[in-house]
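*Asks:* Mind having a look at this structure? Questions to follow.
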Amino acid sequence: MLKQIEGSHAVAEAVSLCRPEVICAYPISPQTHIVEALGEMVKSGELDRCEFINVESEFAAMSVAIGASAAGARTYTATASQGLLFMAEAVYNAAGLGLPIVMTDANRAIGAPINIWNDHSDALSMRDSGWIQLFAETNQEALDLHILAFRLAEELSLPVMVCMDGFILTHAYERVDMPTQQQVDRFLPPYEPRQVLDPREPVSIGAMVGPEAFSEVRYLAHAKQLQALERIPVLAGEFSTIFGRESGRLVHRYRTEDAETVVIAMGSVMGTIKDVVDEMRASGVSIGALGICSYRPAPLAVIRETVKGARRVVVLEKSLAVGLGGILATDVRMALSGLHLHGYTVIAGLGGRPILKSSLHALFERAGRDELEHVTFLDLNWDVVNRVLERERTTRRSGSIAENVLRDVGVPTASGV
Amino acid sequence: METQIIKFYQTGSFAVGNRLLDESQRSVQANMRRSNSLNSGHRACQGCGEALGARYAIDAAMQATSNQLIAVNATGCLEVFSTPYPETSWQLPWIHSLFGNAAAVATGVAAAMRVKGRQDVRVIAQGGDGGTTDIGFGCLSGMFERNDDVLYICYDNEGYMNTGVQRSSATPPAARTSTTAAIGEEPGNGFGQGKFVPAIAMAHEIPYVATASVAYLRDLEAKVHRAMSLRGARYLHIFVPCPLGWGAASEDTIRLARLVVETGLFPLFEAEHGEVTGRYQIRHRVPVEEYLRLQKRYSHLLGKRPAVATIARIQAMAERNIRRYGLLGEEA
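Top to bottom, those sequences are chains A and B. Read left to right, the first sequence gives residues 86 to 502 (my numbering). Read left to right, the second sequence gives residues 12 to 343 (my numbering).
Right under this line is the structure:
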């Protein structure tokens, strides 16, 4: 059924259709609307046979999810940013225990300085946790990925994080096609755990493993992700049969055939990039885009296959490996080994900085002339940066960098007005 | 008719000997059909108070629930000595997740049981004092506050023993640990610090809070039974001596667990909805020195030049407990 609703509500409805049995909620922007909506559904009885638990922290949210999932319940939670970091220990633990928890990450920057707006630093900080991480381009895909996530998670006994851009998707009112309960039930069978806490069959879960077996256990975590690489396209195929649309593939290619320049990105920025690709194609530039939906497992072979005929790859990412450059770009490089093409890293959209079509036009044109720096910070205000660096060089007690930058860019402050 | 007073007490204590009682009145541990939840063969040290405490408590909880019990365990000695894969001493479904989240994991298990209509299955969470009073305290308080249907058991040996005897917020004043050396102006752990979590649990006004000691088996078992007869958040804080961490002889575990009560240093009581409903009254009152003397962690207080003032401060703590909880019985 077509609906014009907020992204968060679309996700909440989709999660509800998946018949979750335990939901744990802790507020953090921009994820809150999802659990608020689910809380209302449970309280009103619209979503029955579901326990909704208001916990005291994100660490507790993931811990409650671990307990519920280990006891055989289909379990969901949502978080973002600092919340994801606060639960980090439990995030790794859930993956290590092989618990098919599904969690939404409403992608948001990480402080300090505190910043509530969108980028991908939070999700990417958990890239090695063992979770499957899927990135949504649109609200429709965000909704669909949750249904796919439960199926994939339970099939593989692995947790799945559905990443959707905070505010840009979570708070945008868009048209979505909401599936019916019958469709979701057809796609998602009841959860049958591989191992469960049950007095009828006592097992010990989560005991210590020493050097004699730890490497094998870790390899098998990797092997599961490789299985996911095979299962995601298969499940996406099944999904499109039942729901009548494409969602949740490993990657989304856009005009990449014969493209000399391939732009690689994740999440909602693909919309802007596709517009720019169309406009540049119209003026004869050979350019295409590749959206990564499955960040973990990393679809290295598909990336390689897509770009092997190109002359250059521009990885545009909303994340920064401080002291290195790009995070996604470093991953993509794994796929390019032995290919002779130019690779550019572009750090863009940090902390909610808009990624403008005009900026992308200029960027891709410079890339086309191979004039880009190895690592580019899109729309960086160099004047301000240089002023801060100069101040730090000349003054010992130079104060807070964050505050100085804001003074220098001329944002009115209480003392300055 | 001539009568004779028969004392049912075991030597050195006021515990009634099992063999003198009717079978229905005997302790769970004396019952041939006890579940032996923490089975033999584990790797605990000789004289480990925690191993005793865990077996006593879980066996009693198993009996109270007709074996419909799931245990969640925090990281720590109990987790490590009982389970390295592929071996396990646990005879009930058991999960270890992290150091600081046992209470929250137990909340999740309880929620799953409720949603699946398995309300006959009960949930306990357990951890040491570090996992309870320090790193797991946030999750513990959250579980209490929501009144989740979990019995949390803290085995308190007054320090981080698994990592090599470091100070926790349950380490008593003056005790030497590897992070509170017995040197300087105030040797050992400082005074005026630490927290008594049973009192904090009571402040949550949860249905049941109790303290117990491994020297008082029947009292401990009765408290577990009481706890399992109630729904909602419950807390049991069990005093468990650690021979290794305290520098005590293995055979003194029960003696220490008794002396700590008889001195008044560790009050045994129960409380329901924030109000004390029962207390164990001291019958052989002993000065704290008798308790301290058996432990190397206090040896700096008791050498050739005893730290009289410090011992007096510890004695004052005992007096305060006796006053606060009304611990003096008739025979003291």
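All residues carry an ideal CB built from backbone N, CA and C; glycine is no exception.
Could you work out which residue in B:Ala55, B:Ala62, B:Gln74 is closest to methionine 43 (chain B) when comparing CA atoms only?
*Replies:* Selected option, being the one with the closest Cα: B:Gln74.
*Asks:* Listing by chain order, which chain A residues have their CB less than 8 angstroms from the CB of methionine 124 (chain B)?
*Replies:* Ala156, listed in chain order.
*Asks:* Can you give me, in chain order, the residues of the segment 151–172 of chain B that have a beta carbon less than 9 angstroms from any beta carbon in chain D?
*Replies:* Considering every chain present, this structure includes no chain D. Its protein chains are A and B.
*Asks:* Apart from the five residues on each side of it in sequence, which residues of its chain come closer than 6 angstroms, Cβ to Cβ, to histidine 53 (chain B)?
*Replies:* The residues are Phe92, Ser93, Ser100.
*Asks:* Strictly under 9 angstroms for the Cβ-Cβ distance: is asparagine 78 (chain B) near chain A by that measure?
*Replies:* So yes, asparagine 78 (chain B) belongs to the interface.
*Asks:* The alpha helix (DSSP H) that contains glutamine 74 (chain B), what's its start and end?
*Replies:* First-last of the alpha helix (DSSP H) with glutamine 74 (chain B): 60–75.
*Asks:* Can you name, in chain order, every residue of its own chain whose Cβ lies under 6 angstroms from the Cβ of valine 134 (chain B), other than the five neighbours on each side?
*Replies:* Closer than 6 angstroms at Cβ, skipping near neighbours: Ile81, Ala117, Val120, Ala121, Val161.
*Asks:* By how many angstroms is the C-alpha of alanine 85 (chain B) removed from the C-alpha of asparagine 489 (chain A)?
*Replies:* Taking the straight line joining both Cα atoms gives about 45 angstroms.
*Asks:* Around the C-beta of glycine 501 (chain A), are 16 or more other C-beta atoms found within 10 angstroms, so that it is buried, or is it exposed?
*Replies:* With a pLDDT of 46 at glycine 501 (chain A), under the threshold of 50, the modelled position of that residue is not reliable, and no figure is offered here.
*Asks:* Under DSSP, the alpha helix (DSSP H) around leucine 231 (chain B) begins and ends at which residues?
*Replies:* Start and end: 228–239.
*Asks:* Taking the alpha carbon of tryptophan 216 (chain A) as the point to measure from, which residue in A:Gln268, A:Gln312, A:Gly130 has its own alpha carbon closest?
*Replies:* Residue A:Gln312 is the option with its Cα nearest to tryptophan 216 (chain A).
*Asks:* Would you say glutamate 301 (chain B) lies against chain A (beta-carbon separation less than 9 angstroms)?
*Replies:* Closer than 9 angstroms: no.
*Asks:* Identify which residue in B:Asn29, B:Ile293, B:Arg157, B:Gly170 has its Cα closest to the Cα of threonine 190 (chain B).
*Replies:* Nearest option by C-alpha distance: B:Gly170.
*Asks:* Are the C-beta atoms of cysteine 135 (chain A) and some chain B residue less than 9 angstroms apart?
*Replies:* With 9 angstroms as the cut-off, cysteine 135 (chain A) counts as an interface residue toward chain B.
*Asks:* Tell me which same chain residues have a C-beta within less than 7 angstroms of the C-beta of glycine 436 (chain A), skipping the five on either side of it?
*Replies:* Closer than 7 angstroms at the Cβ level, and outside the excluded window around glycine 436 (chain A), lie Ala194, Asn200, Trp202, Asp204.
*Asks:* When the Cα of aspartate 416 (chain A) is compared with those of A:Ser379, A:Ser444, A:Ile108, A:Glu297, which residue comes out closest?
*Replies:* The option with the nearest alpha carbon to aspartate 416 (chain A) is A:Ser379.
*Asks:* Relative to the alpha-carbon of alanine 181 (chain B), which residue among B:Asn158, B:Glu156, B:Gly147, B:Ala193 has its alpha-carbon at the smallest distance?
*Replies:* Taking only the C-alpha atoms, the option nearest alanine 181 (chain B) is B:Gly147.
*Asks:* Would threonine 189 (chain A) and isoleucine 108 (chain A) be called neighbours here (beta carbons separated by less than 9 angstroms)?
*Replies:* Not in contact: threonine 189 (chain A) and isoleucine 108 (chain A) (Cβ atoms no closer than 9 angstroms).
*Asks:* Cβ closer than 9 angstroms: which chain A residues qualify as neighbours of asparagine 112 (chain B)?
*Replies:* Chain A residues near asparagine 112 (chain B): Phe144, Ala145, Met147, Ser148, Val149, Ile151, Gly152, Glu174, Ala175, Asn178.
*Asks:* Is the CB-CB distance between histidine 284 (chain B) and serine 289 (chain A) below 9 angstroms?
*Replies:* Result no, Cβ atoms of histidine 284 (chain B) and serine 289 (chain A) do not sit closer than 9 angstroms.
*Asks:* So, does the CB of glycine 138 (chain B) fall closer than 9 angstroms to a CB anywhere in chain A?
*Replies:* So no, glycine 138 (chain B) is outside the interface.
*Asks:* Is any beta-carbon of chain A found at less than 9 angstroms from that of isoleucine 106 (chain B)?
*Replies:* Closer than 9 angstroms to some Cβ of chain A, the Cβ of isoleucine 106 (chain B) qualifies, so yes.
*Asks:* For the alpha helix (DSSP H) that contains leucine 247 (chain B), what are its first and last residues?
*Replies:* No alpha helix (DSSP H) holds leucine 247 (chain B); the beta strand (DSSP E) holding it covers 245–250.
*Asks:* Can you find the residues in the same chain that come closer than 7 angstroms, C-beta to C-beta, to leucine 445 (chain A), ignoring five residues on each side of it along the sequence?
*Replies:* Answer for leucine 445 (chain A): Thr357, Ile358, Val361, listed in chain order.
*Asks:* May I ask you to report which of helix, strand or coil DSSP gives leucine 102 (chain A)?
*Replies:* In this structure, leucine 102 (chain A) counts as helix in the three-state DSSP scheme.
*Asks:* With a threshold of 7 angstroms on Cβ separation, who are the neighbours of glutamate 342 (chain B) within its own chain once the five nearest residues in sequence on each side are excluded?
*Replies:* Any answer about glutamate 342 (chain B) is weak, because its pLDDT of 47 lies below 50 and its placement is not dependable; what the coordinates show is given next. Cβ within range, chain order: Arg294.
*Asks:* Considering only their Cβ atoms, is the gap separating threonine 430 (chain A) from alanine 395 (chain A) smaller than 9 angstroms?
*Replies:* No, they are not a contact pair.
*Asks:* Taking any Cβ of chain B, which residues in the segment 277–291 of chain A have a Cβ under 7 angstroms from it, in chain order?
*Replies:* Flagged, chain order: Leu282, Asp283, Pro284, Pro287, Val288, Ser289, Ile290, Gly291.
*Asks:* From the DSSP secondary-structure annotation, give me the bridge partner or partners of lysine 307 (chain B).
*Replies:* DSSP output for lysine 307 (chain B) lists no bridge partner at all.
*Asks:* Can you round the beta-carbon distance between phenylalanine 462 (chain A) and isoleucine 432 (chain A) to whole angstroms, since I take them to be within the 8 angstroms contact cut?
*Replies:* At roughly 5 angstroms, the Cβ-Cβ gap stays under 8 angstroms, so phenylalanine 462 (chain A) and isoleucine 432 (chain A) are in contact.
*Asks:* Quick check on isoleucine 119 (chain A) - is its C-beta less than 9 angstroms from some C-beta in chain B?
*Replies:* With 9 angstroms as the cut-off, isoleucine 119 (chain A) does not count as an interface residue toward chain B.
*Asks:* Determine the DSSP secondary structure at valine 120 (chain A), reduced to helix, strand or coil.
*Replies:* Helix.
*Asks:* Please confirm if glutamine 102 (chain B) has its CB atom under 9 angstroms from at least one CB of chain A.
*Replies:* Chain A contact via Cβ: present.
*Asks:* Using 9 angstroms as the limit for Cβ to Cβ distance, is glycine 124 (chain A) near chain B?
*Replies:* No - not a single Cβ of chain B is within 9 angstroms of the one on glycine 124 (chain A).
*Asks:* Step through the CB atoms of chain B and report whether any lies within less than 9 angstroms of the CB of valine 100 (chain A).
*Replies:* With 9 angstroms as the cut-off, valine 100 (chain A) does not count as an interface residue toward chain B.
*Asks:* Report the three-state DSSP secondary structure of cysteine 88 (chain B) (helix, strand or coil).
*Replies:* Helix at cysteine 88 (chain B).
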